[in-house]
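One structure is given here, and the rest of the page talks about it.
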Amino acid sequence: TATPGWIADAKSLAVYNPAMLDLKVTGPGTPQQWQVSSAGTGGDYIYTGTIVPTQTTWRQVLNAQKYKVEINGFVITMDYNIQFDVSYESCTEDDDGNETCEPHSLTQNMTGRYTITVKGGEREFEVFEPNFTLTIHKTPEWQQIHAKDEYKNSKPNDWYAGEAILTHVNLEPRHKHPVSGKYPVILSATTWMREQGGVAAWMKRAKVKERPYWHQVSLNLVKSSETLWTGPKRDIPDPNHPGKYLLRNREKGVDDGVGRHDKTGQITMGDIWHGLQPGETYSVQALVSFKFGVDKGYRPFDKAATLGSQAADYKQQLTIIDNALSRVLNFTQIK
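Per the numbering used here, the very first residue in the sequence shown carries number 9; after that it's consecutive.
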């Protein structure tokens, strides 16, 4: 019967070769390596090099090379020496039946070596890219106007210059992690526009030389739910009645704000002469920061700086069909 003390003594005789093992991760990201004791009981090692995803969450392959974690094998040897001490008596019996016994002892050693070979191992794994979808929306008031104006062939992404452009960042079921089934965690979301304003048609006909205006605006969205980020709420004051409001608790659009200033004051995207022009197509972009330091979308204000594989999901295009102020003043358009 072995006692705990004996087991501990026996373990101290074990020799691990090599004493330190190489635990390493390779793949399309940043390689990383740790030294692990072969005599240890294991541990947790955090790999931070997953900078290159291999698949989207809906299993679209982005990089054919997978990540691989591997560790080398080792050998445990233990030399043993077992001593057997035997005590016994040898007895004889004479003719009269009397027994005579003599004590004896015997010592015998048994030596040898135990060898245990532990194989190394490796395992491949995928790194999934978090993503989102940007959508743009009209306010309820402008939905009514679009429903009854003269542009019968207008499309969902047709807008009036100066009409609010509501922007939403959405997480769809396909954005869930394919293993855990959880949505990625969004830390912040920003939508932005950078567009060149035009010159009104009558100014063009009159050959008025005017330097085009660049309009640059951004909007920090707020979390509405686990799967939706929207514009912040605001109250719209009544310019004719101080202290009163035309609308309360309405979502703010990305276009809300000043495109730029000049000597005459503020120039907005809805400006008839220098704002977004009818017949032209413009775009809204988004940048989303996920947990673990992952950014996806377009860096403000650079339409060429795309982060992520799904560029089409990170932006929305819209076409200007008229100017909002002209539309409101031109009541003949309402049927």
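For every residue, glycine included, the Cβ atom is placed at its ideal position computed from N, Cα and C. Values in this document were obtained by computation on a predicted structure and should not be read as measured data.
Taking 8 Å as the limit between beta carbons, can you name the residues of its chain near residue i, skipping five residues before and five after?
i, result
"leucine 333", "Gly170, Gly278 and Ile280"
"histidine 154", "Lys146, Ser162 and Asp166"
"tyrosine 75", "Val33, Thr34, Gly35, Pro36, Gly37, Thr58, Thr62, Glu132, Phe133, Glu134 and Val135"
"glutamate 101", "Glu107 and Thr108"
"lysine 19", "none"
"tyrosine 253", "Asp243, Ile244, Pro245 and Asp246"
Tell whether a beta-carbon distance below 9 Å holds between residue i and residue j.
i, j, result
"tyrosine 191", "leucine 179", "yes"
"glycine 283", "glycine 206", "yes"
"threonine 56", "glutamine 40", "yes"
"valine 177", "alanine 312", "no"
"valine 126", "serine 46", "yes"
"threonine 6", "tyrosine 88", "As shown, the chain starts at 9 and ends at 343. That puts residue 6 outside it, with no answer to give."
"serine 297", "serine 196", "yes"
Please work out which residues of its chain come closer than 6 Å, Cβ to Cβ, to residue i, disregarding the five sequence neighbours upstream and downstream, and give them in chain order.
i, result
"glutamate 288", "Ile328"
"isoleucine 84", "Ala22, Tyr24 and Ile124"
"asparagine 228", "Thr198"
"arginine 202", "Gln224 and Phe309"
"glutamine 325", "Thr289 and Ser291"
"alanine 172", "Thr147 and Gly261"
Would you give the residue range spanned by the beta strand (DSSP E) that residue i belongs to?
i, result
"isoleucine 153", "Not the beta strand (DSSP E): isoleucine 153 falls in the alpha helix (DSSP H), residues 148–155."
"proline 111", "107–126"
"threonine 276", "Looking at the DSSP string, threonine 276 is not in any beta strand (DSSP E), and its letter there is neither H nor E."
"phenylalanine 298", "289–298"
"valine 94", "82–101"
"arginine 182", "Taken as a continuous stretch (DSSP letters only), arginine 182 belongs to no beta strand (DSSP E), as it is neither H nor E."
"valine 177", "174–178"
"leucine 142", "141–145"
"glutamate 171", "It is not in any beta strand (DSSP E) - glutamate 171 carries neither H nor E in the DSSP assignment."
"asparagine 331", "323–331"
"leucine 236", "236–238"
"tyrosine 75", "75–79"
"asparagine 257", "253–259"
"phenylalanine 309", "Here phenylalanine 309 belongs to no beta strand (DSSP E), and DSSP marks it neither H nor E."
"glutamate 134", "Here glutamate 134 belongs to no beta strand (DSSP E), and DSSP marks it neither H nor E."
"lysine 231", "230–233"
Exposed or buried, what is residue i when buried is set at 16 or more other beta-carbons lying within 10 Å of its beta-carbon?
i, result
"leucine 255", "exposed"
"isoleucine 90", "exposed"
"leucine 29", "buried"
"glutamine 152", "exposed"
"tryptophan 222", "exposed"
"valine 187", "exposed"
"tyrosine 168", "buried"
"threonine 115", "exposed"
"glycine 316", "buried"
"threonine 276", "buried"
"glutamate 149", "exposed"
"isoleucine 194", "buried"
Can you list, in chain order, the residues of its chain whose CB lies under 7 Å from that of residue i, leaving out five sequence neighbours each side?
i, result
"serine 232", "Thr238"
How do the region 126–146 and the region 318–327 stand: do at least 3 beta-carbon pairs fall below 8 Å, yes or no? yes
Evaluate contact between the region 66–82 and the region 93–102, counting only Cβ atoms and requiring at least three cross-stretch pairs below 8 Å. no
Given 8 Å as the limit, is there contact between the region 251–265 and the region 295–312, that is, 3 or more CB pairs closer than that? no
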